[in-house]
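Sequence positions in the sequence shown follow UniProt numbering and run 1 to 209.
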Amino acid sequence: MDHAIYTAMGAARQSLELQAVTANNLANASTPGFRAQLAAMRAVPIDGPSLATRTMVTTSTPGVDISQGTMNFSGRPLDVALQQDGYLAVQLPDGSEAYTRNGNIQISANGQMTVQGYPLMGDNGPIDVPPQAAVTIAADGTISALNAGDSPNTIAQLGQIKRVQATAGEMMHGDDGLFHLTPETQQARGAQLPNDPLVKPGEREHQWL
Numbered sequence: 001m002d003h004a005i006y007t008a009m010g011a012a013r014q015s016l017e018l019q020a021v022t023a024n025n026l027a028n029a030s031t032p033g034f035r036a037q038l039a040a041m042r043a044v045p046i047d048g049p050s051l052a053t054r055t056m057v058t059t060s061t062p063g064v065d066i067s068q069g070t071m072n073f074s075g076r077p078l079d080v081a082l083q084q085d086g087y088l089a090v091q092l093p094d095g096s097e098a099y100t101r102n103g104n105i106q107i108s109a110n111g112q113m114t115v116q117g118y119p120l121m122g123d124n125g126p127i128d129v130p131p132q133a134a135v136t137i138a139a140d141g142t143i144s145a146l147n148a149g150d151s152p153n154t155i156a157q158l159g160q161i162k163r164v165q166a167t168a169g170e171m172m173h174g175d176d177g178l179f180h181l182t183p184e185t186q187q188a189r190g191a192q193l194p195n196d197p198l199v200k201p202g203e204r205e206h207q208w209l
């Protein structure tokens, strides 16, 4: 194949990959807590007997934009927005923890609080909600439930949402859309991160692009 055609084909392929990243960011612009993926093109030297100046173009995704998004009032009792560097903890299928800024909390068919399909972690593990209970979340993450037909003075606390603080350098963004501790952070801190003190109930964070 002619070298010029090969070079043009490589550049076109990388442009398509860059467009795919941009399209994904735009498609998720209104997803609560979504972090736009960063993308850049760079030149990579080609090994071999060719000229030392010969390079090819490749697309890299060095990370995500972790800047604070806009807080929007939703009025939904199960929505929470997080402060800068704050994350909610969720449980992965293997029992380990991952983290997200998506505060759009749902209740699964089996009565468990979830985010993005993963069990939301509380101070004592995943949080179960009684059937048909009215749930409220306080600014400190405390979850309260009032069973249908019960008097307001019988409201019960179900636990407290696990909220952690971490800097951008302590987290890495995974292909599952969640944040994970970097190996360096795990070595330095284990699985322990400082608590994030407050959430904003009834609000959603959107990182408009």
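Don't be surprised by glycine CBs; every beta carbon is placed ideally from N, CA and C. From a predicted model like this one, the values you see are computed outputs, not experimental measurements.
Worksheet entry | asparagine 110 versus tyrosine 118 - alpha carbon distance | Within the sequence shown, numbered from 1, the residue matching residue 110 stands at position 110. Within the sequence shown, numbered from 1, the residue matching residue 118 stands at position 118. Rounded to the nearest angstrom, the two C-alpha atoms are 13 Å apart.
Item to complete: Measure the C-alpha to C-alpha separation of proline 126 and proline 45 and round it to an integer number of angstroms.
Response: In the sequence shown, counting from the first residue as 1, residue 126 sits at position 126. In the sequence shown, counting from the first residue as 1, residue 45 sits at position 45. Looking at the two C-alpha atoms, the distance is approximately 49 Å.
Worksheet item: Under a three-way DSSP split, which group does isoleucine 105 fall into?
Response: One-based indexing of the sequence shown puts residue 105 at position 105. Isoleucine 105 falls in the coil class under three-state DSSP.
Worksheet entry | Same chain, Cβ closer than 6 Å to methionine 172, five either side skipped, listed in chain order | Working through the sequence shown from its first residue, we reach residue 172 at position 172. Excluding residues within five positions, the ones whose Cβ falls inside 6 Å are His180, Thr182.
Worksheet item: Going by DSSP, which residues form a beta bridge with glutamate 184?
Response: The sequence position of residue 184 within the sequence shown is 184, counting from 1. Answer by DSSP bridge pairing: none, since glutamate 184 is not bridged.
Discussion item. Rounded to whole angstroms, what is the Cα-Cα separation between glutamate 203 and isoleucine 5?
Written reply: Position 203 of the sequence shown, counted from the start, is the residue given in the question as residue 203. Position 5 of the sequence shown, counted from the start, is the residue given in the question as residue 5. Across the structure, glutamate 203 and isoleucine 5 are spaced so that their CA atoms are roughly 52 Å apart.
Practice prompt. Mark leucine 209 as exposed unless 16 or more other C-beta atoms lie within 10 angstroms of its C-beta, in which case mark it buried.
Written response: If you number the sequence shown from 1, residue 209 lands on position 209. Low confidence applies to leucine 209: its pLDDT is 45, below 50, so where it sits in the model is not reliable enough to give any reading.
Practice prompt. Go through the region 111–196 residue by residue and report every complete run of the alpha helix (DSSP H) that reaches 4 residues or more, in order.
Written response: 183–189
Worksheet entry | Own chain residues within Cβ distance below 7 Å of valine 129, not counting five before or after | By one-based count along the sequence shown, residue 129 stands at place 129. Sequence-distant Cβ neighbours of valine 129 in its own chain, meaning closer than 7 Å and more than five residues away, are Ile107, Gly111, Met113, Val135, Ala145, Leu158.
Discussion item. Do glycine 75 and glutamate 205 have their beta-carbon atoms positioned less than 8 Å apart in this structure?
Written reply: Here residue 205 refers to the residue found at position 205 when the sequence shown is read from its first residue. Here residue 75 refers to the residue found at position 75 when the sequence shown is read from its first residue. The answer is no: Cβ separation not under 8 Å.
Discussion item. Just to check my reading of the structure: asparagine 195 and valine 164 have Cβ atoms closer than 8 Å, yes? What is that Cβ distance to the nearest angstrom?
Written reply: Indexing the sequence shown from 1 puts residue 195 at position 195. Indexing the sequence shown from 1 puts residue 164 at position 164. The beta-carbon distance between asparagine 195 and valine 164, rounded to whole angstroms, is 7 Å. This is short enough to meet the 8 Å contact definition.
Fill in: Contacts around alanine 148, its chain only, beta-carbon distance under 6 Å, and the 5 residues preceding and following it disregarded
In the sequence shown, the residue the question calls residue 148 occupies position 148. Only Gln132 meet the Cβ criterion.
Practice prompt. Could you please give me the residues that DSSP links to glycine 86 through a beta bridge?
Written response: Sequence index remark: in the sequence shown, residue 86 carries index 86 (1-based). Gln165.
Worksheet item: So what's threonine 70 in DSSP terms, helix, strand or just coil?
Response: Your numbering for residue 70 matches position 70 in the sequence shown. DSSP places threonine 70 in strand when its eight states are reduced to three.
Worksheet item: Would you say methionine 171 touches the ligand GTP, meaning its beta carbon is less than 7 Å from a heavy atom?
Response: Among the components of this structure there are no ligands whatsoever, and the ligand GTP is therefore not found.
Fill in: For aspartate 94: DSSP bridge partner residues
Counted from its first residue, the sequence shown places residue 94 at position 94. Bridge partners of aspartate 94: none, in fact.
Worksheet item: My guess is that leucine 198 and valine 90 are in contact by the Cβ rule of under 8 Å, so how many angstroms apart are they, rounded?
Response: Within the sequence shown, numbered from 1, the residue matching residue 198 stands at position 198. Within the sequence shown, numbered from 1, the residue matching residue 90 stands at position 90. Cβ-Cβ separation between leucine 198 and valine 90: approximately 19 Å, too far for a contact (criterion under 8 Å).
Discussion item. Between Ile105, Glu17, Gly174, which has its C-alpha nearest isoleucine 143's C-alpha?
Written reply: Along the sequence shown, read from residue 1 onward, the residue named residue 143 stands at position 143. Comparing Cα-Cα distances from isoleucine 143 to each of Ile105, Glu17, Gly174, the minimum goes to Ile105.
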